[in-house]
Amino acid sequence: MSVEAAKHARELLLKEYRGVLSTHSKSMPGFPFGSVVPYCLDDQGRPLILISRIAQHTHNLQKDPKCSLLVGEREAEDVQAVGRLTYLAEAEKLADEAAVEAAAERYYRYFPDSQNYHKAHDFDFWVLKPVRHRYIGGFGAIHWVEHLTLANPFAGQAEISMVEHMNSDHAKAIAHYVDLAGLPKGAPAQMAGIDTEGMHLRIGQALYWLPFQAPCNTPTQVREALVFLARAEHWPKNAPAGA
């Protein structure tokens, strides 16, 4: 059950791209301080955030790195009947130049506008290192999850190459994924990322994670999964779309 709960919790973390970051208030000791932050997952499957040095939550983390990220299913009619995850973590600011460059390359693909204010306005990348997780998958489905994160074997040049290739040469296939999953068509979709279990598409400012029919551990398996979906007439029943 814990393995299954961890899978569902990780899928929720992949499906969403913003949450409530709760920190320990520096100016109001003893009180939690909540703020909304966008995030994507880093190469180890941990939430990666980009926050301003002058923001209150940044001052809070500098004093006490213990925090949590609350993520829930978007546009839920009954928030108590759908999945939500409290991700307990220790926040760590990225300082190593190579780590910052890798984080920026990935984060910009998910949030292109962030490139405009990252260095110009004193923003820094922080990673939320997991401690424990509380996952609720609906009424009665409540679990403590110890191990949730899953490293992305494609992070780096392999993922960059696959994403650039799909966006440059296979726009029709991406549009077909949008049709299959019933995603909005207000703007052309772009692929933002690929992981073992699925892919992220960016449509306007919104992100959508679509699962593969089966886990992919090599670029060849990813290619086969993408070709399969490009030729499919319906989204695979055993892999519901993550919109």
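Following my numbering, the numbering of the sequence shown begins with 854 at its first residue and continues without gaps.
Ideal placement from N, C-alpha and C gives every residue a C-beta, glycine not left out.
As the structure is a prediction and not an experimental result, all values here were calculated from the model.
CB of residue i within 8 Å of CB of residue j, strictly
i, j, result
"Arg927", "Glu869", "yes"
"Val1145", "Ile904", "It is not possible to answer for residue 1145, since the shown part of the chain is limited to 854 through 1096."
"Trp997", "Leu914", "no"
"Ile989", "Gly1051", "no"
"Pro1072", "Met1015", "yes"
Rounded distance between the beta-carbons of residue j and residue i, thought under 8 Å
i, j, result
"Ala1042", "Ile1056", "5 Å"
"Leu938", "His971", "The Cβ separation is near 27 Å, so there is no contact."
"Leu1060", "Ala862", "Their Cβ separation, rounded to whole angstroms, is 18 Å, which puts Leu1060 and Ala862 out of contact at 8 Å."
"Thr1049", "Asn1070", "6 Å"
"Lys919", "Glu945", "At roughly 11 Å, the Cβ-Cβ gap does not stay under 8 Å, so Lys919 and Glu945 are not in contact."
Top-ranked residue by Cα proximity to residue i, from the options
i, options, result
"Ser888", "Gln909, Lys879, Ala1011, Pro1064", "Gln909"
"Arg871", "Met1052, Leu922, Asp896", "Leu922"
"Gln1066", "Lys1090, Pro1072, Glu958, Glu1086", "Lys1090"
"Val856", "Ala951, Arg899, Leu1003, Ala929", "Leu1003"
"Leu941", "Arg1076, Ala948, Val924, His1053", "Val924"
"Ala1045", "Lys860, Arg959, Val1031, Phe1007", "Arg959"
"Leu865", "His877, Pro900, Lys1025", "Pro900"
"His1053", "Lys1038, Asn969, Val1031", "Val1031"
"Cys893", "Asp917, Val1080, Ala955, Phe886", "Ala955"
"His947", "Ser967, Lys982, Pro965, Lys919", "Looking at the sequence provided, one finds Leu at residue 947 rather than His. Answer by Cα proximity: Lys982."
"Asp917", "Ser878, Asp895, Pro965", "Ser878"
"Val1080", "Val953, Ala1024, Gly1009, Gly991", "Ala1024"
"Pro824", "Ala859, Asp895, Gly1039", "Nothing can be reported for residue 824, as the shown portion of the chain is limited to 854 through 1096."
Distance, residue j Cα to residue i Cα
i, j, result
"His1029", "Val932", "30 Å"
"Thr911", "Ser880", "12 Å"
"Gln1074", "Gln897", "20 Å"
"Glu950", "Glu930", "43 Å"
"Pro882", "Glu1077", "53 Å"
"Ile1047", "Tyr963", "11 Å"
"His974", "Ala1085", "45 Å"
"Asp1022", "Tyr961", "21 Å"
"Ile902", "Asp977", "8 Å"
"Ala957", "Leu1036", "27 Å"
"Phe884", "Leu867", "29 Å"
"Gly1009", "Ile995", "35 Å"
Within-8 Å CB hit, residue i to chain D
i, result
"Ala1028", "The displayed structure is made up of one protein chain only, and chain D is not part of it."
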